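Peer 1:
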Amino acid sequence: MSQAASPGAHGDETAAIADDPPAGGPGRGLVAAVVCAGVVLVNLDLFIVNVAVPAMARTWSGTDLADLSWVLNGYAVVFAALLVPAGRLADRSGHRAAFLRGTAVFTVASALCAAAPGVGWLVGARLLQAAGAAFLMPSSLGLLLTSFPPEKRAAIVRVWAAIAGLAAALGPVLGGLLVEPGWRWVFLVNVPIGVLAVALGARILPGGPPAARTPLPDLLGAAVFVVGIGALALGLVKADDWGWASPRALAAWAVFVVLAAWFALRSLRHAHPVVDPALLRIRAFSVAGFASLLFGVAFAGMLLAITLWSQDVWGWSALRTGCALTPGPLLVPPTAILAGKWAARTGPGPLAAAGGVVFAGGTLWWAATLDLDSAYAASMLPGMLLTGLGVGLMMPTLVAAAATALPPAHAATGSGVVTMLRQLGSVLGVALVVVLLGTPSDAAAILDGFDRVWYVVTGASLAAAAAAGLLVRRTPAATGAAAPGAAAYRAGEDNSAALGKAT
């Protein structure tokens, strides 16, 4: 069934909000498998390339490391900046088309990365890869939400988020395996998976309801948003090189503040904004997004720091490091699946908060036990298990809470917002680890630097837990009624229309 949206500033875009997927078509399990294959590609690449950078430096021995750093930084900046506009366009033009195009671009860009004859080519291909990823991620969640009935949406979103978290955490593991025969395999591994996802997706992915004949979203606002988020991410990823109080870093953040304020005011007045202010009035969506930002700091900071500890302090190879980190990620999917049953009884808030506390327990364990000559089984392994459990409880719960609070017609935009916030948190987490570790001169300084990292990561995880605790339990959509977010959206829609006219 569907509901007609109340008239308002954006009423024509939400006139039909489908609560039930179209009948017939291929099995939903196969649809989910194809969609999750694309999600695996993107999330693996968030961290798998980090392991390959030293090998790239050996290939191009005369290359400035500052130039090589853009293999990582350029991807992070473009991915974060394009997520929300890409999600908005996917909601307008159709999730299937956006997913297939994003996956195709990502796959072609991966092949170009593998064939790179120099650093400039590689950086350019990585920017293209990030653009494909920005279209793929939001549309993937939109496809799942429109392919499954309301009572199954929270469960499938948990699977989506669990697979994304598992892929991200396994990035260093697979990177260590693939770098052994050559760093180009880090990119080549994406190609057959991407080709298969596009080929199968073109045949089986549902088309969804016909795309609405609506005006394009605010293109000027989208451009300003991209520049603003890009400036914020650029300032974060280069802060250690430039200096946190350097004119360039401060200028980048000033650009973000000015453009963010302008973008917010324009969104209140424009008939078709990139991010509708009404979405932010949905409590579950806003709270989950803020908690995702904080947990992104903790997750990325933890993953980078424990990888650096294994390789730089204990002197392990990339392969041995990857194997040592595996137990934590392997706990994410089963924990996420079990957490779905617990969330039905407790609500998302207590469950996500518990995940943040368990995660913090793992990093505190490392602060107390990791030493230059400590044993893996007694020091690193317990922390890996606790952080894996924490990720499985926290990350899928936040994504499910945000996604199921929104009307499916705006799933890609909402997913883009939440993923962007988590990505910005990850960029900040990596930057903080680099700053906190510094360039220690002796063993005592090394231990002090990592202790600072563990405490900051713990604090970020506990802050995310506190924010997640604000999520309130709501009646599940199992009755077949529209998601509560749809009603909240329509109410906010009328409010934003009135505000726009008043201003």
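Residue numbers (this note's numbering): 27 to 529.
We put the beta carbon where it would ideally sit given N, CA and C, even for glycine.
Here the structure is a predicted model, which means the values were calculated and not measured.
Can you list, in chain order, the residues of its chain whose CB lies under 7 Å from that of W268, leaving out five sequence neighbours each side?
Peer 2: R274, A275, listed in sequence order.
Peer 1: Shortest alpha-carbon distance to A350 belongs to which of I363, L334, G464, P360?
Peer 2: For A350, the nearest C-alpha among the options comes from L334.
Peer 1: Just to confirm, is the Cβ distance from L169 to A429 under 8 Å?
Peer 2: Contact flag unset, no.
Peer 1: Please give the ranges of any alpha helix (DSSP H) in the stretch 158 to 236, keeping only runs that are unbroken, at least 4 residues long and fully inside the region.
Peer 2: The qualifying runs are 176 to 205, 211 to 214, 216 to 230.
Peer 1: Given this structure, state the Cα-to-Cα distance separating A379 from I189, to the nearest angstrom.
Peer 2: Whole-angstrom Cα-Cα distance: 20 Å.
Peer 1: Give me the residue from F325, A102, V453, V459 with the minimum Cα distance to A489.
Peer 2: Minimum Cα distance to A489 is reached at F325.
Peer 1: Just to confirm my understanding: we take S487, look at its own chain, exclude 5 residues before and 5 after, and list those with CB closer than 6 Å. What are they?
Peer 2: Excluding positions up to five away in sequence, the list reads A324, G382, F385, A386.
Peer 1: Take the Cβ of L364 as the centre, count every other Cβ of all protein chains shown within 10 Å, and call the residue buried at 16 or more, exposed below.
Peer 2: Exposed, by the Cβ-count rule.
Peer 1: DSSP three-state label for P360, please.
Peer 2: Looking at P360 - three-state DSSP - the assignment turns out to be helix.
Peer 1: Roughly how many angstroms separate the alpha carbons of L356 and H298, rounded to a whole number?
Peer 2: Distance between the alpha carbons of L356 and H298 is about 42 Å.
Peer 1: Can you give me the Cβ contacts of L262 inside the same chain, cut-off strictly under 7 Å, excluding the 5 residues immediately before and after it?
Peer 2: So the qualifying residues of the chain are V453, L454, A457.
Peer 1: In terms of residues, what are the limits of the alpha helix (DSSP H) holding I332?
Peer 2: From DSSP, the alpha helix (DSSP H) with I332 extends over 309 to 334.
Peer 1: Contact check, G208 vs G348 under 8 Å by CB: the rounded distance?
Peer 2: G208 to G348, Cβ: 16 Å. No contact.
Peer 1: Taking 7 Å as the limit between beta carbons, can you name the residues of its chain near L377, skipping five residues before and five after?
Peer 2: These residues qualify, in order along the chain: A365, W368, A369, L419, T423.
Peer 1: From what residue to what residue does the alpha helix (DSSP H) around L555 run?
Peer 2: Absent from the model: residue 555. The displayed extent of the chain is 27 to 529, so no value can be given.
Peer 1: In angstroms, rounded to a whole number, what distance separates the CA positions of L345 and L72?
Peer 2: About 18 Å.
Peer 1: Could you tell me if G414 is buried or exposed, where buried requires 16 or more neighbouring beta carbons within 10 angstroms of its beta carbon?
Peer 2: G414 should be labelled buried.
Peer 1: By the 10 Å Cβ neighbour count, where 16 or more other Cβ atoms means buried, how is Y402 classified, buried or exposed?
Peer 2: Per the 10 Å Cβ criterion, exposed.
Peer 1: Under the three-state reduction of DSSP, which class applies to T89: helix, strand or coil?
Peer 2: Coil.
Peer 1: Is it buried or exposed, G247, if we count other Cβ atoms within 10 angstroms and call 16 or more buried?
Peer 2: Buried, since its Cβ has 16 or more Cβ neighbours within 10 Å.
Peer 1: Is the beta carbon of V185 sitting closer than 8 Å to the one on G373?
Peer 2: Cβ distance not < 8 Å, so V185 and G373 don't count as in contact.
Peer 1: Using a 10 Å radius around the Cβ and a threshold of 16 neighbouring Cβ atoms, would you call W270 buried or exposed?
Peer 2: The residue in question, W270, is exposed, as its Cβ has fewer than 16 Cβ neighbours within 10 Å.
Peer 1: May I ask which residues mark the beginning and end of the alpha helix (DSSP H) holding Y101?
Peer 2: Note, Y101: alpha helix (DSSP H), 96 to 119.
Peer 1: Could you check what DSSP says for D266 in three-state terms: helix, strand or coil?
Peer 2: D266 falls in the helix class under three-state DSSP.
Peer 1: Does T465 come out as helix, strand or coil in the three-state DSSP assignment?
Peer 2: Three-state DSSP puts T465 in coil, outside helix and strand.
Peer 1: Of the residues Y481, W279, S343, G495, which one's Cα is nearest the Cα of G375?
Peer 2: It is G495.
Peer 1: Using the beta-carbon count (16 or more within 10 Å), is W147 buried or exposed?
Peer 2: So W147 ends up on the exposed side.
Peer 1: Between which residues of its own chain and A65 is the CB-CB distance below 8 Å, once the five residues before and five after are set aside?
Peer 2: Here residue 65 turns out to be Val, not Ala, going by the sequence shown. Here the set comprises L162, M163, S166, W186, I189, A190, A193.
Peer 1: Please classify T465 as buried or exposed, where buried requires at least 16 neighbouring CB atoms within 10 angstroms.
Peer 2: Its Cβ having fewer than 16 others within 10 Å, T465 is exposed.
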